[in-house]
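Protein chains: 2
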Amino acid sequence: MILTVTLNTALDLTYRVPRLAPEGSHQVREVVQRPGGKGLNVARVLAALGHRTVVTGFAGGLTGSELRELLAREPYITDELVPTQGSTRRTVGVVDEAGGGSTQFNEPGPHISPEEWSAFQETYARLLRSPGGDGSSGDGRPERDGDEDGGGGVDAVALCGSLPPGVPVGAYAQLTREAHAAGVPVVLDTSGEPLRRGLAARPDLVKPNAGELAGITGTTEPLRAARAAQRRGAHSVAASLGPDGMLLVTPDGMWQAGPPHSLTGNPTGAGDSAVAGLLSGLVEGLPWPERLARAVALSAATVRAPTAGEFDEEVHADLLSRVTVEESSEPAPG
Amino acid sequence: MILTVTLNTALDLTYRVPRLAPEGSHQVREVVQRPGGKGLNVARVLAALGHRTVVTGFAGGLTGSELRELLAREPYITDELVPTQGSTRRTVGVVDEAGGGSTQFNEPGPHISPEEWSAFQETYARLLRSPGGDGSSGDGRPERDGDEDGGGGVDAVALCGSLPPGVPVGAYAQLTREAHAAGVPVVLDTSGEPLRRGLAARPDLVKPNAGELAGITGTTEPLRAARAAQRRGAHSVAASLGPDGMLLVTPDGMWQAGPPHSLTGNPTGAGDSAVAGLLSGLVEGLPWPERLARAVALSAATVRAPTAGEFDEEVHADLLSRVTVEESSEPAPG
């Protein structure tokens, strides 16, 4: 099974309004509520791909209860969130039905106390060393999992998103080292200082976008920036290039892949779908180019879905067959 | 004590952002949560004026629990909300700290079932006939109340705001008749068809703004529209004229009052403060011009307060001494 960590979970609200008018009053036509935060989004996509996922991180207050109620309805996802005194944040995405654009409002996360951080670390250590179940999800659906021997346990960890106030900025480095000590590979998807610090613990894969990569390496050219991230500690780097797809730099080679044609839609959650594609390919033992193709196809299928962060399985299957993956040769040293 | 009815309660969230950018992503600086819906806002102002208030209406789901937790912290307010299966709505007000403007998003209210509507009617009937307490609020603060004999009971009812789906459109007419049968005067603050239907039950006072009044009477000139509302059943009409103050048309005379100077600020909740001013003046037995002056001063003090729907007691006291009330004579029939 796969473990995703979301320290700054959120209750994601999507409001559809006929047209967004600043300083106006809007009657919201439709409200969609979902458990949010990057690691929970990744888990939902993994579940849709048939992978059992355990989610941990923090949830608190009545908004946290609301999030956990919604999470309990998702098949293939096990809730191991740790309670907090402070209330889980909300995010509000306002979709303008006339223009199609989305305007996002993110509440600040609750402050995490030292005791809560300790409780999380205990939960994380326990999960990493859990023997796992019987390899099935318990609802009769077949599971695509990395443990063909039915042994369960954690096959991979994804560390996702921003850190709430109170959590040490080196948190992801520490969590990466612990996972490695338990023999579990780590995918790290964060930005800024938490990413910079996390790199030092040598995560197996990081998935920054070009801007995030430039932010920590000082280099805007994606390939050079990915190489710089490797020198700082990442084994492999999957740099998302927005509508141009993704660049993957690994010890075994480099590949670039893009969708078959340019796509318009809502990019919210596209990066989380890419992480789910890479993670599922990792635990299934797929070759790198297939992992990359899956990440790009899932990401594009998410952009095309009517609801932010969802993806259409048919669109995904169609795109998967048409994503072009090209192997790159080492450029001349710049 | 005063009873306020809010059938479509809301958890009001105010988000402060540095600058509102449509299609942008905003980190919310500060979140303020308050129990909302017009009748709850009226109750909060009444409480600040020293009047014990009982609030009823509906609350449900985890958002309803959040609302009731916040309500429990308010002195002078007793929660008699009736549970619903559906979840209480949220409203989100986004305040642009650069421009000062506010953009409002209102979720739709939950559907009220026939059983829930019956449960509300039973609660309402019980409250109308309650003998009341000992005339004090129980927390040692002196109470300004209409029942000098200490007998408690309901001195006035305010019926406030929109109707959630499932509640009959004639609800306010029915609730007005029941209050009158119990000998309790009624202030009605709603709009559209619920107001039009409510007028037929002869409420003691209605408080539409000029637009709402025009909507049901077809007349944009406030005095003529107020007269038309009286012909349709209202004993008295307090028409809010925005920054120009308020026009009061009663069987005993007509008055108009405005703030001493034009005010800038956030008008959210100003109408609810006006209702609280009129209601408190009613139960204290003040003459009409004093009720009107209080309504205008409270309304203006609310516009000037930094937080939507709050008012500054000093600003209120200062304005109250400077509001000008002018008696109008009957105009020539138009």
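Residue numbers (my numbering), protein chains in the order written: chain A, 1 to 334; chain B, 335 to 668. All C-beta atoms in this analysis are idealised placements derived from N, C-alpha and C, irrespective of residue type, glycine included. Remember, predicted model here, so these are calculated numbers, not experimental data.
Where does the unbroken alpha helix (DSSP H) through P442/B begin, and where does it stop? No alpha helix (DSSP H) contains P442/B, which DSSP labels as neither H nor E.
Give the residues of chain B in contact with S191/A, contact being defined as C-beta atoms less than 9 angstroms apart. Within 9 angstroms Cβ-Cβ: nothing; S191/A doesn't reach chain B, min ~13 angstroms.
Who are the near neighbours of A516/B in its chain, counting only those whose CB is closer than 7 angstroms to its CB and skipping five residues on each side? Here A516/B has L462 and R463 as same chain residues with Cβ atoms under 7 angstroms from its own Cβ, once five neighbours each way along the sequence are excluded.
May I have a chain-ordered list of the alpha helix (DSSP H) segments no shorter than 4 residues that lie completely inside the segment 233-283 of chain A? Listed in chain order, the complete alpha helix (DSSP H) runs (minimum 4 residues) inside the segment 233-283 of chain A are 270-283.
For the beta strand (DSSP E) containing F311/A, list its first residue and its last residue. F311/A -> no beta strand (DSSP E), and no H or E assigned at all.
Quick test of the definition: if touching needs 3 or more C-beta pairs under 8 angstroms, does the segment 577-588 of chain B touch the segment 622-629 of chain B? The segment 577-588 of chain B is in contact with the segment 622-629 of chain B.
Since Q27/A meets chain B, which of its residues come closer than 8 angstroms, beta carbon to beta carbon? Those are N440 and P442, listed as they occur along chain B.
Residue range of the alpha helix (DSSP H) that Q27/A falls in? Per DSSP, Q27/A belongs to no alpha helix (DSSP H); it is in the beta strand (DSSP E), S25 to Q27.
Going by alpha carbons, who is nearest to E74/A out of T63/A, A47/A, R90/A and G57/A? Nearest to E74/A by alpha-carbon distance, out of T63/A, A47/A, R90/A and G57/A, is A47/A.
Cβ of T4/A within 7 angstroms of any chain B Cβ: Under the Cβ distance rule, T4/A does not count among the residues neighbouring chain B, no pair being separated by less than 7 angstroms.
Beta-carbon of T437/B versus every beta-carbon of chain A: anything under 7 angstroms? Contact with chain A is found for T437/B, since one of that chain's Cβ atoms lies less than 7 angstroms from the residue's Cβ.
Out of L341/B, A534/B and L613/B, state which residue places its alpha-carbon closest to the alpha-carbon of G398/B. The residue from L341/B, A534/B and L613/B with its alpha-carbon nearest to that of G398/B is L341/B.
From the beta carbon of L20/A, is the nearest beta carbon of chain B less than 7 angstroms away? Closer than 7 angstroms to some Cβ of chain B, the Cβ of L20/A qualifies, so yes.
Taking the alpha carbon of S359/B as the reference point, which residue from V95/A, V275/A and L71/A has its own alpha carbon closest? Closest option to S359/B, Cα to Cα, is V95/A.
Which of helix, strand or coil DSSP assigns to P623/B: Reduced to three states, the DSSP call for P623/B is helix.
Length-filtered (4 minimum) alpha helix (DSSP H) runs lying within the segment 355-415 of chain B: Whole alpha helix (DSSP H) segments, 4+ residues: 372-382 and 395-406.
Thinking just about the alpha-carbon of each residue, which of A639/B, L626/B, L613/B and S663/B is nearest to the one in L383/B? Out of A639/B, L626/B, L613/B and S663/B, the CA that lies nearest to the CA of L383/B is found in L613/B.
What does V426/B reach in chain A if we use C-beta pairs closer than 7 angstroms? Ordered by position in chain A, the residues that pass the 7 angstroms Cβ test against V426/B are V92.
When we look at the beta-carbon of V169/A and count the other beta-carbons within 10 Å, is it buried (16 or more) or exposed? Answer is exposed; the Cβ neighbour count stays below 16.
Using a cut-off of 7 angstroms between C-beta atoms, extract the partners of L396/B located in chain A. Within 7 angstroms Cβ-Cβ: L62, S65 and E66.
Give me the DSSP bridge partner(s) of L539/B. Answer is V521/B and S570/B.
Give me the residue from I112/A, T190/A and R304/A with the minimum Cα distance to L261/A. Contrary to the premise, residue 261/A reads as His rather than Leu in this sequence. The shortest C-alpha separation from H261/A is found at R304/A.
Would you mind telling me which residues of chain E sit closer than 7 angstroms to V31/A, beta carbon to beta carbon, in chain order? The chain labelled as chain E is not found among the protein chains of the depicted structure, namely A and B.
Would you say E80/A reaches chain B, if we count a Cβ-Cβ gap shorter than 7 angstroms as a contact? Not a single CB atom of chain B sits nearer than 7 angstroms to the CB of E80/A.
Can you check DSSP and say which residues form a bridge with E326/A? Per DSSP, Q256/A.
Residue range of the beta strand (DSSP E) that G198/A falls in? For G198/A, there is no enclosing beta strand (DSSP E); the residue is part of the alpha helix (DSSP H) that begins and ends at G192 to L199.
E408/B versus chain A: which residues are under 8 angstroms apart at the beta carbon? Under the 8 angstroms cutoff, chain A gives no residues; its nearest Cβ is about 18 angstroms from E408/B.
Which of the three DSSP states is assigned to G480/B in this structure? Low per-residue confidence applies at G480/B: pLDDT is 48, beneath 50, and the placement is therefore not dependable enough to give any value.
Along the segment 256-270 of chain A, where does the CB come closer than 7 angstroms to a CB of chain B? Name the residues. Flagged: no residues at all.
Is there a C-beta anywhere in chain B that falls below 7 angstroms from the one on E23/A? The beta-carbon of E23/A is placed less than 7 angstroms from the nearest beta-carbon of chain B.
Please compile the residues from chain B whose C-beta is within a distance smaller than 9 angstroms of the C-beta of V17/A. Within chain B, the residues near V17/A are F439.
Cβ-based neighbour list, E327/A, same chain, cut-off 8 angstroms, excluding 5 preceding and 5 following: Cβ within range, chain order: G253, M254, W255 and P289.
Could you check whether the segment 493-513 of chain B touches the segment 430-446 of chain B, counting it as contact only if at least three pairs of C-beta atoms, one from each stretch, sit closer than 8 angstroms? In short, these stretches touch, since the Cβ pair count reaches three.
Name the one or two DSSP bridge partners that T425/B has. BP columns for T425/B point to D346/B and N440/B.
Identify which residue in E30/A, G39/A and R16/A has its Cα closest to the Cα of G271/A. Residue G39/A is the option with its Cα nearest to G271/A.
Name the one or two DSSP bridge partners that A490/B has. For A490/B, which the question treats as bridged, DSSP gives the partners I336/B.
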